[in-house]
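Here our numbering = 1-based position in the sequence shown + 29.
See below for the structure under consideration.
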Amino acid sequence: MKVLVVNCGSSSLKYQLIETKTSEVLAKGLVERIGLGEVEYSFTHGQKPKTKIGIQAKNHTEALKEVLGKLVSPDHGVLTSLDEIGAIGHRVVHGGESFYHSALITDEVIKAIEANGELAPLHNPPNLQGILACKEVLPSKKQVAVFDTAFHQTMPERSYMYALPYEYYEKYKIRRYGFHGTSHRYVAMKAAEFLGKPLESINLITCHLGNGSSITAIAGGKSMDTSMGFTPLEGVVMGTRSGSLDPAVLLYIMEKENLTPKQMSDLLNKKSGILGLSGISNDMREINDAADKGNHRAKLTLEVLVHSIRRYIGGYMVELGRVDAIVFTAGIGENDWVVREMCMANMENWGFVLDKEKNRTTRGTLTDISLSSSKGKILVVPTNEELMIALETQWVLEGKE
Ligand code: AMP
């Protein structure tokens, strides 16, 4: 089935047209600055080189019309007719407590996405705009919402509740939700396939380490705990996000610097993490280069980042009891051998022994980077969230979970 995967931001529309039978990406593109005057549209359709053009699009509906036009155009088309699109899959950030699985989009589902908008005010409204645009332009197509949070809805209460007065959970649904669910599920499936074992029979710790990062404990294919929380700010140190810290720190800084909640939020989300600590960049490539040259703050940043990751890995080992594999994915997890080597140091007693040579040469390919003597496997598994959305879309239409 050909699935159009759509991911809408406040002024952007990202898409991939995927043939699920072969996992082939037939076309992909990005429309940026929607509604902001000069709208930029870059796309790669079929085997043709990347093309960048300026278009007119006052809103997501107009942007979508341009995209659909290009998918069937004589010069850049990959389809003879839009009838070839079997379904549309949408990335939706927050499903709250309403969605354990991806869902066929109905009026009720739209209402629930709207209601969960309070939990993700920057993401759910534009995600919904994309859904409504598709409804308007392609009313006969089946649409599916694939939620970043849904995979983590299997977490037990003890993992997702914060020790705040219970009334805040009841009043505002304050609890841990977790994110990157599509990625954690995808790499878990791929890891099981690679190990030649049913996903239901293995326990995994999946480390999605990118600009945003999260770590998940997965037992028998179900998320048992995850490092991101009520928002994607909790957990390990990230590109520009602080990750977990003593909540008293923010109260103290707010008081000392006279900051509003919005200013504090910017500080924690945009100016902290790898960028804030290093003062160099949010990109690990630059941190590694600076650390190699002896820059103290770059070295410190690496150490603090790895320390935060290892705390979760250790905690989840204890929670899971037995871990068959630790999986590294996303920009840092797939490419940064230094971070992987530091994360896996001195874990022999826990049954994990890294093949240092293999680790150094592995980049972006599905590889077992543990020694054959290692009881637990250490895997690099490239993530593919768009493909997962396409597959989940197809499964929903076929009545599978
Ligand atoms: P993502 O959010 O998954 O796209 O990951 C983006 C991040 O991955 C970048 O900000 C970098 O920190 C990191 N990254 C990408 N490529 C490399 C690389 N070759 N070596 C180290 N880090 C990398």
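Virtual Cβ for every residue (Gly too), placed ideally from N, Cα, C.
All values derive from a computational prediction rather than experimental measurement.
Cβ neighbour criterion (16 or more within 10 Å) applied to residue i
i	result
GLY343	exposed
TYR194	With the sequence shown as reference, residue 194 is identified as Pro, and Tyr is not the correct amino acid for it. PRO194 is exposed by the Cβ-count criterion.
GLN172	buried
ASN413	buried
HIS213	buried
VAL278	exposed
GLN76	exposed
SER401	exposed
ASP397	buried
ILE355	buried
ARG392	exposed
TYR281	exposed
ASN378	exposed
ASP136	exposed
TYR197	exposed
ALA419	buried
PRO261	buried
ASP177	buried
SER71	exposed
THR422	buried
ARG389	exposed
LEU383	buried
GLU95	buried
Coil, strand or helix - residue i by DSSP
i	result
HIS209	coil
TYR201	helix
LEU100	helix
ALA441	It is not possible to answer for residue 441, since the shown part of the chain is limited to 30 through 430.
GLU427	coil
THR391	coil
HIS130	coil
MET257	coil
LYS251	strand
ALA419	helix
ALA347	The displayed chain sequence assigns Val, not Ala, to residue 347. Looking at VAL347 - three-state DSSP - the assignment turns out to be helix.
GLN172	strand
THR183	helix
ASN378	helix
LYS43	strand
GLU113	helix
Near ligand 1: residue i beta-carbon under 7 angstroms from a heavy atom
i	result
GLY38	no
MET257	no
ILE361	yes
ASN378	no
ASN4	Residue 4 falls outside the range modelled here, since the chain spans only 30 to 430, and no answer is possible.
MET313	yes
ASN298	no
ASN317	yes
ASP177	no
GLY210	no
ASN364	yes
GLY268	yes
For residue j and residue i, believed in contact at Cβ under 8 angstroms, the rounded distance
i	j	result
LYS57	THR73	6 angstroms
LEU1	LEU33	Since the first residue of the chain shown is 30 and the last is 430, residue 1 is not available in this structure.
PRO155	GLY38	5 angstroms
LYS202	LEU148	7 angstroms
GLY302	GLY268	6 angstroms
ALA221	THR235	With 8 angstroms as the limit, ALA221 and THR235 do not qualify as a contact, their Cβ atoms being about 11 angstroms apart.
Straight-line gap, residue i to residue j (C-alpha atoms, nearest Å)
i	j	result
THR109	GLU186	50 angstroms
GLU286	ASP295	14 angstroms
ASN88	GLU143	19 angstroms
MET190	LEU331	30 angstroms
GLY159	LYS300	29 angstroms
TRP424	ILE114	15 angstroms
ILE231	LEU349	10 angstroms
ASP365	GLY405	21 angstroms
VAL68	LEU93	12 angstroms
VAL101	LEU111	7 angstroms
VAL208	GLU53	According to the sequence shown, residue 208 is Phe rather than Val. Near 26 angstroms, if we compare the C-alpha coordinates of GLU53 and PHE208.
SER310	ALA327	9 angstroms
ALA179	LYS291	28 angstroms
LEU426	LEU133	7 angstroms
GLU315	GLU165	45 angstroms
HIS105	VAL368	41 angstroms
GLN85	GLU61	11 angstroms
THR183	LEU408	24 angstroms
ASP318	THR245	29 angstroms
LEU416	HIS237	16 angstroms
SER273	PHE259	12 angstroms
SER41	LEU59	7 angstroms
ALA374	LEU304	24 angstroms
heavy atom of ligand 2 below 7 angstroms from residue i C-beta
i	result
GLY241	Inclusion of ligand 2 in the displayed structure is not the case, the ligand content consisting of ligand 1 alone.
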